[in-house]
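First up is the structure itself, then whatever we jot down about it.
Residue numbers (the numbering used here), protein chains in the order written: chain C, 1 to 446; chain E, 1001 to 1446.
Structure (structure tokens):
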């Protein structure tokens, strides 16, 4: 029988970060991480194996951080948790005794209940090297590829496939626009324009009815009766929390069906914590349940769970939702609520927009237009969301917004924001879009 | 006699931003901006005219923002302010009647009281197109160029000159290291290493004794008696506030000799405001007078001054000091206090450092190492400073720190920070340096 003070189930962003955090905060504890995968793909890097990065083996989370932090790794699959006896059973018939347990079992791709999804050459995007290798092999001989789902994964995978020689790739999206769950329409349209210019086909506002073909996929039939030809179909329509272990152990589930946790990331059992895609989340805005699943959220939650094992040190403020993506040299990013979603949630909003070059003077290398939209709650003037597009630095500029949202900065706070600027790195201090978007919102108040 | 509700003296970052802000907040007022320069250089862009940008004419603040905002421009030099009669006199004998006045007269280069600085081919860096054009002309025929002062301007100018064919450029710095007023030693050393690799010579810890030569500069004599050969000398050792107008008008001056203002940017006269390099500043940290002068600070102050003209809407929280620079593909940035300066100010500090790649996986394009150092006040655990180096996005990442400093975020706030990450844009969520630097500081507390 194995025994450890702290046992973590799962080795992706949440599990790894939880283990390192536990080590930092509890230097004397014996820590064991149990995972079933020999090789763990970097989740956000998966779309890039198809083009830029090349193979799944070049997109792995290394074991060195665990080794350096004296975390034991055990390759096995946990099959049951017994909260009463504080023990786990594994597939290879091991029993593991734990003092504190962190469940970081992640999520798996959602598959729609639509005829034909079981056919050959239809691939959900599993975070699994073997599966991804098989996808890549089939892709080599595929000419027409349809990607079902125009969210971040669908868009990124399509843009990467499009970089390969001789591929004809089409995104098939249910909503009127790609990326619409994250962005307001004007940003979706810009992203779609870029994708199309680069050669990605987009069929939006279209429900998938069935996958056509005998044993292999030959086409995707959509609502209007037409068929998008395909010799490979990739499905990226969302993910489902892996909760079976927790559920079978009698742990409480949350309103979205994920593992219930309180603000300290503790489950309904006092010795068991959970974080990442498998853990229930609540929104920073209004506190409703949130279905967002991101590696960045997972690692933030893991830093809370890992620190709280032997005494509460940190509490979650709820999920803000900060993410970014790139299409060629253009980057798109969002933090918090979109205007549309904020209104649907009942917020009375006021928005401000500013655009301009990301360099000063405009003749500096790397010049690109930058567009920033800020969304405020009208009465309190507190920032609740931002959307932006521009160069690669937008990936960090959006984190400025995240800090401002988390600390409830107001329109005036942001209008007087003390940013650093530089000709070769940022917009000019006079036209700095993030600040001027706040000023432009203010004008609408008066 | 001319008459306007709001008159702004000065047309650089502070004056321009103040004018636009005044227009935004007071749409019905007549606004007049008086400046002596026909063409206004972008102040931070000046180092780049020598290499990347090419000429001073390609580095100008356009008049279009003023025109669009219905701000009248008057090219003239204000020679006197009469606060009693609310009027200005100009060089061309105009009299201007104002309701509210904003003084944004900026600063001029400091010249040391050292023999030989009056010689030909010795150039301070005036923000003046004609002067800069002359510098560029002399530079064409100069082979050996010595830049006195290894602050941001000196470093940036030297790196740009070094890009030109056949130049031998040497920075001569009084302190042991370049950039030492902004950064701790380890960052200065990295910057110096890069500069040297690129071919810039650095002579540090050396006091300039005199400029040698008959009428033209031929060399710079330093403390140890040796002479750095030079057929051109550029001086970038700091700037002095332009306060003569304000002083002669009887306005109060602050402890550093700049124009005294309160938190609303109002001077000792109730109808006169001031902002930018000419205005006295106090530090966000401890409230002591601050000598920092940056275009980004100027524009933040201008957004306060411009909004407050007819009623207080905004107050300055004091100068944080956020700036960035680039050496080749490497960027350096700082917000708030360095460890050294914080200790000198009496803070009991605790620091955290983290380094790692700025991409995930590391094989993504644009991969560079990123280094982040965070400085916290030990008892309160509040962030008071950061220094970082890495890719161009560091120019925005430092603004995340600025937001966190301004809102007094603690080590734990930052350790649980909800950042957005992306393989092509940022470090991984697991190793995100800004967050892990906070975790590393925390370990030192226990």
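Quick reminder that beta carbons are idealized off the backbone N, C-alpha and C, glycines included.
As the structure is a computational prediction, the values presented were derived from the model and not from experiment.
Note to self: For a quick check, are the C-beta atoms of residue 87 of chain C and residue 73 of chain C less than 8 Å apart?
What the structure shows: For residue 87 of chain C and residue 73 of chain C, no; Cβs fall outside 8 Å.
Item checked: Neighbour flag for residue 10 of chain C against chain E, beta carbons, 8 Å -> no
Checklist line | Members of the region 1061-1075 of chain E near chain C, C-beta cut-off 8 Å | finding: 1061 and 1065
Item checked: Beta-carbon spacing of residue 1283 of chain E, residue 1290 of chain E below 8 Å -> yes
Notebook entry, point to check: Does the Cβ of residue 1085 of chain E have 16 or more other Cβ atoms within 10 Å, making it buried, or fewer, making it exposed?
Noted result: Exposed.
Notebook entry, point to check: If you scan the region 310-346 of chain C from start to end, which runs of the alpha helix (DSSP H) of 4 or more residues do you find wholly inside it?
Noted result: Within the region 310-346 of chain C, the complete alpha helix (DSSP H) runs of at least 4 residues are 339-344.
Note to self: Taking the alpha-carbon of residue 46 of chain C as reference, which of C/416, C/58 and C/148 has the nearest alpha-carbon?
What the structure shows: Distance from the Cα of residue 46 of chain C is smallest, within the candidate group C/416, C/58 and C/148, for C/58.
Check: Taking residue 1012 of chain E as the reference, which of E/1105, E/1003 and E/1080 has the closest Cα?
Finding: E/1105
Note to self: If you follow the alpha helix (DSSP H) that residue 219 of chain C is in, where does it begin and where does it stop?
What the structure shows: Taken as a continuous stretch (DSSP letters only), residue 219 of chain C belongs to no alpha helix (DSSP H), being part of the beta strand (DSSP E) at 219-222.
Notebook entry, point to check: What is the rounded straight-line gap between the Cα of residue 1155 of chain E and the Cα of residue 56 of chain C?
Noted result: 43 Å
Notebook entry, point to check: Which residue spans inside the region 107-171 of chain C form an unbroken alpha helix (DSSP H) run of at least 4?
Noted result: 129-141 and 152-161
Note to self: Tell me which residue opens and which closes the alpha helix (DSSP H) that residue 299 of chain C is part of.
What the structure shows: 295-308
Margin query: Do residue 139 of chain C and residue 232 of chain C count as a contact pair if the criterion is CB distance below 8 Å?
Written below: yes
Next item on the list: Spell out whether any CB of chain E is found under 8 Å from the CB atom of residue 389 of chain C.
Entry: Chain E places no beta carbon closer than 8 Å to that of residue 389 of chain C, leaving this residue out of the contacts.
Check: When burial is assigned at 16 or more other CB atoms within 10 Å of the CB, is residue 1359 of chain E buried or exposed?
Finding: buried
Check: Can you name the residues of chain E whose CB is closer than 7 Å to the CB of residue 430 of chain C?
Finding: 1013, 1016, 1017 and 1299
Check: Would you say the region 1296-1315 of chain E touches the region 1261-1280 of chain E, given that touching needs at least three Cβ pairs under 8 Å?
Finding: yes
Notebook entry, point to check: Which residues does DSSP pair with residue 8 of chain C in a beta bridge?
Noted result: C/33 and C/102
Margin query: Below 8 Å on C-beta distance, what does residue 1360 of chain E contact in chain C?
Written below: Chain C residues near residue 1360 of chain E: 42, 44 and 45.
Notebook entry, point to check: Just the Cα atoms here: how many angstroms apart are residue 1205 of chain E and residue 1174 of chain E?
Noted result: 5 Å
Checklist line | Nearest-angstrom Cβ-Cβ length linking residue 355 of chain C and residue 374 of chain C, presumed shorter than 8 Å | finding: That belief does not hold up - the Cβ atoms of residue 355 of chain C and residue 374 of chain C are roughly 12 Å apart, past 8 Å.
Note to self: Using only CA atoms, which one of C/397, C/83 and C/35 lies nearest to residue 270 of chain C?
What the structure shows: Taking only the C-alpha atoms, the option nearest residue 270 of chain C is C/83.
Notebook entry, point to check: CA-CA distance, residue 268 of chain C and residue 244 of chain C?
Noted result: 15 Å
Next item on the list: Determine the chain E residues that contact residue 85 of chain C at a beta-carbon separation under 7 Å, and present them in chain order.
Entry: None at all; the shortest Cβ gap to chain E is about 32 Å.
Next item on the list: Please check if any C-beta of chain C sits within less than 8 Å of the C-beta of residue 1425 of chain E.
Entry: yes
Next item on the list: Could you name the residues of the region 1328-1339 of chain E whose beta carbon sits closer than 7 Å to any beta carbon of chain C, in the order they occur along the chain?
Entry: 1331, 1333 and 1335
Note to self: Using C-beta distances below 6 Å, list every residue in its chain close to residue 255 of chain C, excluding the 5 sequence neighbours before and after it, in chain order.
What the structure shows: Counting only Cβ-Cβ distances below 6 Å, and skipping sequence neighbours, we find 289.
Notebook entry, point to check: Taking Cβ-Cβ distances shorter than 8 Å, what residues in chain E pair up with residue 403 of chain C?
Noted result: Those within 8 Å of residue 403 of chain C in chain E are 1400, 1403, 1404, 1407, 1409 and 1417.
Check: Any C-beta of chain C sitting closer than 8 Å to the C-beta of residue 1354 of chain E?
Finding: no
Check: What does a CB cutoff of less than 7 Å around residue 258 of chain C pick up in its chain, not counting 5 residues either side in sequence?
Finding: Short of 7 Å from the beta carbon of residue 258 of chain C, and not among the five residues preceding or following it, lie these beta carbons of its own chain, in chain order: 241, 243, 278, 279 and 280.
Notebook entry, point to check: Which same chain residues, not among the five before or five after residue 1447 of chain E, have their C-beta less than 7 Å away from its C-beta?
Noted result: Residue 1447 of chain E is absent from the model: chain E starts at 1001 and stops at 1446.
Margin query: Taking the beta carbon of residue 1185 of chain E as the centre, do at least 16 other beta carbons fall within 10 Å, making it buried, or is it exposed?
Written below: exposed
Next item on the list: Using only alpha-carbon positions, find the residue among C/28, C/64 and C/183 that is nearest to residue 385 of chain C.
Entry: When each option's Cα is compared against that of residue 385 of chain C, the closest is C/183.
Next item on the list: On a CA-only basis, which of C/81, C/163, C/401 and C/352 is nearest residue 251 of chain C? Give me that one, please.
Entry: C/81
Next item on the list: Could you tell me which of E/1399, E/1442, E/1169 and E/1387 sits nearest to residue 1413 of chain E, measuring between CA atoms?
Entry: E/1442
Notebook entry, point to check: In the structure shown, what three-state DSSP assignment does residue 1255 of chain E receive?
Noted result: coil
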